[in-house]
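Remarks on the structure that follows.
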Amino acid sequence: MLPDRAPGGGAADRARLRPRDEELLVADPFADPAAVAEAGARLVPLDELLAASDIVSLHVPELPSTRKLIGARELALMPDGATLINTARGAVVDTAALEAECATGRIYAMLDVTEPEPLPASSVLYDLPNVMITPHVAGSLGTETRRMTAAALDELERYARGDSPRSAVTRADMEFVA
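Residues 3 to 180, numbered by this note's numbering, are exactly what the sequence shown covers, in order.
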């Protein structure tokens, strides 16, 4: 959602949402409130975001602190008819809790990642009309793969020249990045 943290995000994405008069909410313990506001969103606690959102899209890394971040309690906070989209990591959602909640038909789920991956053939998620499962390709569509490859090659060339990396990852970053 934030232009400097999400490739492809930014003004164009916000412009597509604005005509619909949507309020954009962000729950991120590491986000700079000013940067979130500048991006056209409002920083809120996760529970508030879940309770107020018709669509919840997850964009978090899998870390000890994010495993099963979305469980039965969090899913129950979502309004009837809401949609949970997970293109992040499967482990951030408690699969058993999601199966139980989706089986009621109360919420929808769009899952590009699952835990485990792939789901066992016995998972009810495969047969529910309110669940869509894609083959873990959300981050690899369109020009995204070419852009990621170009960025990786650019960093490799910088390293070979002895230049500083353009997108350095520090030990401190490892607390909140994938």
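Glycine included, each C-beta is placed from N, C-alpha and C at the ideal position.
query, result
"V126 to A105 span [Cα, whole Å]", "7 Å"
"Whole alpha helix (DSSP H) elements within the stretch 68 to 144, 4-residue minimum", "74 to 79, 97 to 105"
"Coarse secondary structure for L4, derived from DSSP in three states", "Residue confidence is low: L4 scores 33 on pLDDT, short of 50, so the model does not pin down where it sits. Its coordinate-derived value is still stated next. If DSSP states are grouped into helix, strand and coil, L4 belongs with coil."
"Residue from V46, G164, A41 with nearest C-alpha to P31", "V46"
"Residues bridged to L45 (per DSSP)", "V28"
"Own chain partners of G83 with C-beta closer than 6 Å, once the 5 adjacent residues on each side are dropped", "none"
"For L60, the three-state DSSP class (helix, strand or coil)", "strand"
"Presumed contact (8 Å Cβ cut-off) between L60 and V94, rounded CB distance", "6 Å"
"Outcome for D96 when other beta-carbon atoms lying within 10 angstroms are tallied against a minimum of 16", "buried"
"Buried versus exposed call for E177 [16 or more other C-beta atoms within 10 Å across all chains shown]", "exposed"
"Coarse secondary structure for P35, derived from DSSP in three states", "helix"
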